[in-house]
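Asker: Note that the sequence shown covers residues 3 to 92 in our numbering.
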Amino acid sequence: MNNKLSFSTLFLSISVISLLAVIVYLNVSTIELNETIGSGLFYSKGYYEEGNMIVMEQGIGVITLPLAIGLVASTLIKLVQHYKVTSFTK
Numbered sequence: 003m004n005n006k007l008s009f010s011t012l013f014l015s016i017s018v019i020s021l022l023a024v025i026v027y028l029n030v031s032t033i034e035l036n037e038t039i040g041s042g043l044f045y046s047k048g049y050y051e052e053g054n055m056i057v058m059e060q061g062i063g064v065i066t067l068p069l070a071i072g073l074v075a076s077t078l079i080k081l082v083q084h085y086k087v088t089s090f091t092k
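#1: Would you please state the rounded distance, in angstroms, between the beta carbons of residue 45 and residue 25? I believe it to be under 8 Å.
#2: Return the chain-ordered list of same chain residues with a C-beta closer than 8 Å to the C-beta of residue 66, the five sequence neighbours on each side being excluded.
#3: Per the contact definition of three or more C-beta pairs closer than 8 Å, is the segment 75-85 in contact with the segment 4-20?
#4: Leaving out five residues before and five after residue 16 in sequence, what residues of the same chain have Cβ atoms less than 6 Å from its Cβ?
#5: Suppose the cutoff is 6 Å on Cβ atoms and the five residues either side in sequence are ignored; what does the same chain contact list for residue 3 look like?
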């Protein structure tokens, strides 16, 4: 019985699970003023002072990090599945 998931289903499943993990992590993490979580494309969260207000900023890393995790993990899983099938058919 062949019950393999397609690449897109695997990618979306892993991305959604990692997105939930990132959101939970960001909600429970406490960071100081002028401190950030992540950098560059994977910047997720930061607090800074603007005038007399403290502003919370959410970066693009909230989306890019789960997508990167999903892409890498699903590619690795599919490669392992492919090499298992080809090694058993020889």
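Note that beta-carbon positions come from the ideal geometry of N, C-alpha and C, so glycine has one too.
Predicted model, so just to flag it, every value in this text is computed and none were measured.
Answerer: In brief:
#1: Contact doesn't hold; Cβ gap of about 15 Å is too wide.
#2: 43 and 44
#3: yes
#4: 72, 75 and 76
#5: Because residue 3 sits at a pLDDT of 41, beneath the cut-off of 50, its placement in the model cannot be relied upon, and the following sentence gives the value as read from the coordinates. Excluding sequence neighbours, residue 3 sits near nothing in its chain.
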